[in-house]
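In this note's numbering, the protein residues as written are 1 to 89. Heads up, the beta-carbon is just placed ideally off N, CA and C, and yes, glycines get one too. The structure under discussion appears below in the form of structure tokens.
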């Protein structure tokens, strides 16, 4: 909004914020009509996420893999720090 009030065109603002010019126009109208509360997203506007059981299981397996790798890295880092004397036993 600040860029628009300072005289920049909606197209210029759209390029700055990587949005479509029409989106900037919608934001400006919302702000002028309701102030900052005009930016609130109305409840129930978005489609609920739909994740099937296979996707959920794949994510769980991936998460466990990442956590195991992270634990291994942390353990290895602590061992190395102890070896060089930067971490007490």
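For the 7 angstroms CB-CB criterion, residue 10 and residue 25 form a contact.
Around the beta carbon of residue 13, 16 or more other beta carbons lie within 10 angstroms, which makes this residue buried. Runs of the alpha helix (DSSP H) spanning 4 or more residues and lying entirely within the segment 26-87 occur at 53-84, in chain order.
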